[in-house]
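Peer 1: In the working numbering, the protein residues as written are 18 to 280. In this text, a Cβ means the ideal position worked out from N, Cα and C, and glycines have one as well. Computed from a prediction, not measured in an experiment: that's the story for all the values here.
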């Protein structure tokens, strides 16, 4: 049978439309497909929840790809190794509680694990805003194409509802900052009620605090990964990623509990 350009187009448009329409009402929407976002999606989907991840770039994995200063290895402490084992990632035990991994394998296997568990991952889509109702609860995400954002064109977005929104956008914590900027009198659940900002590198403290910082910071909105450390003013960690994976697992548990009425 000869190939038809119009039939190729038809299958792309129909497939995309079908999956996008199926995503209009979610249990959990995750902004950012970095390490914590992918891990959160894996655990949430494995629990049978309807979860979608929205990544503004045309690739997933966040900062994992570059390893450390383009040296293609990342480090994971042994406390987080079990998470990656569940996702099929092989790590090299380098001794003294440190394990090392290939960034390409880590990203690929984590992504496949999340998708196989039932999560849907969209690339090229940016969460430019959230939906909030009269009771000041975040009820969904507002989406646009990243290309539209970069072009500066005025194109209205589309919106999806979600029972929980997770900001996994990394160092910039874009979703939390959007809520902070746009909601009059907004108070984030930090000591001062505002995004504190990321501190300089201190791996030991940053890795320890990232799990503590993973929590609900505004009704209906949670943070994980480096977004959590930025919100609460903790240090960055560099090319060690155990805390990211542990944070993703923790936020999945918190979000699942909230969706099911346990929080």
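Could you pull out every residue in the same chain whose Cβ sits closer than 6 Å to the Cβ of residue 149, ignoring the five residues on either side in sequence?
Peer 2: 155
Peer 1: If you reduce the DSSP assignment to three classes, tell me which class residue 100 lands in.
Peer 2: Assigned with DSSP and collapsed to three states, residue 100 falls in helix.
Peer 1: Name the residue from 208, 144 and 152 whose alpha carbon lies nearest to the alpha carbon of residue 177.
Peer 2: 144
Peer 1: The alpha helix (DSSP H) with residue 125 in it runs from where to where?
Peer 2: It spans 120-134 - the alpha helix (DSSP H) in which residue 125 sits, taken as one unbroken run.
Peer 1: How would you call residue 55, buried or exposed, if buried means at least 16 neighbouring beta carbons within 10 angstroms?
Peer 2: buried
Peer 1: How would you write the range of the beta strand (DSSP E) that residue 137 sits in, first residue to last?
Peer 2: 137-140
Peer 1: Run through the DSSP bridge pairs and tell me what residue 232 is partnered with.
Peer 2: Secondary-structure assignment with DSSP links residue 232 through a beta bridge to 240.
Peer 1: Which word fits residue 208, buried or exposed, when buried means at least 16 other C-beta atoms lie within 10 angstroms of its C-beta?
Peer 2: exposed
Peer 1: Which residue wins for smallest C-alpha separation from residue 79, given the options 266, 68 and 261?
Peer 2: 261
Peer 1: Check for me: the beta strand (DSSP E) holding residue 91 runs from which residue to which?
Peer 2: 91-94
Peer 1: Please give me, in chain order, every unbroken run of the beta strand (DSSP E) with length at least 3 that falls completely inside the stretch 19-94.
Peer 2: 42-48, 68-72 and 91-94
Peer 1: For residue 246, which of helix, strand or coil comes out of DSSP?
Peer 2: Three-state result, residue 246: helix.
Peer 1: Determine whether the beta carbon atoms of residue 163 and residue 43 lie at a separation below 9 Å.
Peer 2: no
Peer 1: Would you check if the stretch 182-190 and the stretch 232-247 touch, i.e. whether three or more CB-CB distances between them fall below 8 Å?
Peer 2: yes
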